[in-house]
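Report on the following structure.
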Amino acid sequence: MTSEIKIVSFLPATLDTRESASRLTNLIKEELGTSKKIELDFQSVLFMSRSFADQFHKEVSRLENIDLVINNADFGIVEMLNSVAKTQTQRNPVNTNYKVLSFDNLSKLTDFSYAW
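Residue numbers (full-length UniProt numbering): 1 to 116.
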């Protein structure tokens with residue numbers, strides 16, 4: 001079964017805040033209880049900011065088992081979503097375990113350096 005969310009029924013025609021993106025994601029989560037395929041109808045949506053698209057992409061990418069369909073979106077909206085999707089990557093955790101070596105004198109450091 002497919003659920004449809006008409007964006008302008010819940011959000012303004014200009015999608016320009018991260019909070020709006022979170023609100024849309026919450027609507028999607030509610031619909032996921034009844035359907036895994038969600039159609040987003042962007043008819044009458046005039047603008048989508050990069051911050052909205054960034055937050056929306058970040059939150060939707062965390063959802064599992066979802067088939068998201070974008071309908072009636074202007075070229076600018078599709079391009080914004082594509083641009084954000086290309087720039088967001090999974091961040092790898094930084095290794096915080098560092099090896100600290102201590103040398104009594106310069107010759108031991110030299111020996112260690114030339115050993116590898």
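Don't be surprised by glycine CBs; every beta carbon is placed ideally from N, CA and C.
Fair warning: this is a prediction, and the values are worked out from it, not measured in the lab.
A Cβ-Cβ contact shorter than 8 Å links E39 with V69. T14 is bridged by DSSP to F47. Distance check between T87 and each of K58, A13, K108, F103 places K58 closest, using alpha-carbon atoms only. Non-local beta-carbon contacts of L46 in its own chain, meaning distances under 7 Å to residues more than five positions away in sequence, involve A13, T14 in chain order. Where N82 is concerned, the enclosing alpha helix (DSSP H) starts and stops at 75 to 87.
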